[in-house]
Structure formats: C-alpha cells, structure tokens
Amino acid sequence: MTVDALPLRRTRRTTWLWFALPSLALVSLFFLVPFLLNIPFAFSSWSGYSTDIRFTGFANWSLLWRSGTLGNAISVTLVYAVIAMLVQNVVALTLATALRRTTRVNAFFRSLFFLPVLISPLAAGYIWRAIVAPQGVLNGAIGIVVPGFDHAWLGDPVAALVIVAFVDAWKWSGIATLVYIAGLNSIPSSLLEAAEIDGASPAQRFWRIVFPLLAPAFTFNVVTTLIGALSAYDIIASTTSGGPGIATQTLNVAVQQQFGQSYFGTASTLSLTVTILVVLIAVPLVAWLRKREIA
10 MTVDALPLRR TRRTTWLWFA LPSLALVSLF FLVPFLLNIP FAFSSWSGYS TDIRFTGFAN
70 WSLLWRSGTL GNAISVTLVY AVIAMLVQNV VALTLATALR RTTRVNAFFR SLFFLPVLIS
130 PLAAGYIWRA IVAPQGVLNG AIGIVVPGFD HAWLGDPVAA LVIVAFVDAW KWSGIATLVY
190 IAGLNSIPSS LLEAAEIDGA SPAQRFWRIV FPLLAPAFTF NVVTTLIGAL SAYDIIASTT
250 SGGPGIATQT LNVAVQQQFG QSYFGTASTL SLTVTILVVL IAVPLVAWLR KREIA
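Just so you know, we're using my numbering here: the sequence shown kicks off at 10 and counts up by one.
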C-alpha cells in the first residue's frame, strides 16, 4: 500500500460517521436526552402547582403503590401485552401458513391483511370504538341472530381490555405475517417433501420441521410484539382512554393522566417504570428464545 492511499482509507472508514451524524443527533435530541432527564425527575417531587423540585428518593413509587395506581397499571399492562402478543402471533402464523405460496390470490390477501398496518393507531382505535359501540356493527350483527341484543362492550371491564388488546393485534399482525412468510420460504422444500414421503402428517411436518426452523422469525415477532404492547398508548387512548374506570389503564395511559393533572414527578416515575418493565421482560426473553434457536 502506498503512502498516498492511507489518507483515502482513513476517509472511507469515517465516511459512514458523517452520514450517521444527523440521525444520531435527532435520536439524542428527541429520545436520549429526554430519557436521561426523566431519571432524576422520577425521584423528585415536582408538580405544575409549585416551582419547587425536591429530591424525594423512592417516595413517588411508594405513593403510586399505596394509591393502587402502580400495581393496577403494571397488571393491566402485562395482561394487555400477553393477550396482544399471543393473538398477534397466532393470527400471523396462521395467515403466513395459508399465504406462503406466491400466487396472485395470495398476493391480494397479503396486501389486504397488511392494510391495518398503514392506518394510524389513533384511527384504528376510533374505528373499533365505533364498531363495538352499543349501536355499532358488532351488536347489529349479533342482533341478527339474537334479536334485541344490546351490550356496552367498552363498559365491561374484562371485555374492554380484551377488545383493545385484540385491536392492537389486528393493527400489527400484517408485519408479523410477512416475517413468518419470509421464514417459511427460507425452509428447504426438500425437507418437507422427504418428511411427506416418510409418512409424516401435515401436523407432524409443521411441529417437527417447520416450527423449529421458524425459531429466528418466532423470536423476532414475539419480542417485538411484546415490547410494542408493553409500551402501547395510542390505541387505548382512542378506544377507552383507560376506562371503564381503570380497567384499561396501562402504564403509558397512567403517565398521560398524571401529566394531565400536572403531577410531573409521578408521571416521570411511571414512565421510567415502563422502561424498567420492558428491560426486565425483554432481556431474559431474548436470551431464552435465542438459546432455543441454538438448541
């Protein structure tokens, strides 16, 4: 290598940094800096009714726990996330299995099932709020079979939580479906043909060959859907606003409500709790699923 080539090589090594700087600056400004500032506020007494900001340690957590807000928000968030993750992955895997072959009909249905992804979460919530309203499409359809049927779905605490979790799954299943289709198409057809010749049933081929080989796609979908559901806000805000009562009050909904009441310290505490919860669940889950891939 000549001496003149050395500066050129160094330039090439650092060129990527100049392209990345604008994105890194935006991420730092709008995500990293607010997150770092949120940490001290989470341990402070700060409200819009006073200019005094005092360090109070874990007093905010104690206050939120004794009031029942923290315990309820965590339990609702976990139930919501598990339901959304399970429904989304079951639906996505079913659709991917049915639509894995590349045909015009399958291409049409892939596009059809991907449409909800293009709708904003707020719009999706408003659409389903209208569908499940007492005078909505759902009660009207059931009323054809059961005359006079009238039920306030979003007024039922259990039904409301299940519905918003279902809407979350409906909204994002299209992405998970494409991931599973890509995983299915990466499996050599010779393996399935050999298993079929050996007399394996469709169920045996799926559970003993297809599902194990889908491990990377399964890991990605389970982790991303769970993290997305744990940090969900838009769909719940536009569908139930955390109601009825506190039945669908997830951590992020509670954050918004605390901010709305100018309790900035406790809102920061709840916001930090979301991050802690995601890390505590995602890190061991990824490690366990990755170990399953290797096995």
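For each residue, glycine too, the CB sits at the ideal point set by N, CA and C. Everything numeric in this text was worked out from a predicted model, so none of it was measured.
Check                                                                                                                                                     : Outcome
Give me whichever residues DSSP pairs with residue 76 in a beta bridge.                                                                                   : Answer by DSSP bridge pairing: none, since residue 76 is not bridged.
Can you tell which of 56, 296, 133 has its C-alpha closest to the C-alpha of residue 244?                                                                 : 133
Does the region 249-260 come close enough to the region 150-159 to have 3 or more Cβ pairs within less than 8 Å?                                          : no
Within 10 Å of its beta-carbon, does residue 125 have 16 or more other beta-carbons around it, so buried, or fewer, so exposed?                           : buried
Are the CB atoms of residue 90 and residue 238 nearer to each other than 8 Å?                                                                             : yes
Considering only DSSP beta bridges, list what residue 63 is partnered with.                                                                               : 54
Count the CB pairs spanning the region 53-64 and the region 73-91 that are closer than 8 Å, and state whether there are at least three.                   : no
Runs of 4 residues minimum, wholly inside the region 237-282: which ones carry the alpha helix (DSSP H) assignment?                                       : 243-248, 260-269
What number of angstroms, rounded off, separates the C-alpha of residue 171 from the C-alpha of residue 253?                                              : 13 Å
I'd like to know if the region 168-187 and the region 90-103 are in contact, where contact means that at least 3 CB-CB pairs between them fall below 8 Å. : yes
Compare the beta carbon distance of residue 65 and residue 53 with 8 Å and say whether it is the shorter of the two.                                      : yes
Could you work out which residue in 44, 34, 191, 26 is closest to residue 281 when comparing CA atoms only?                                               : 44
Under 8 Å: do the region 220-239 and the region 202-210 share three or more Cβ pairs, one atom per stretch?                                               : no
Please look up how many angstroms separate the CB atoms of residue 186 and residue 101, rounded, as I've assumed it's under 8 Å.                          : 4 Å
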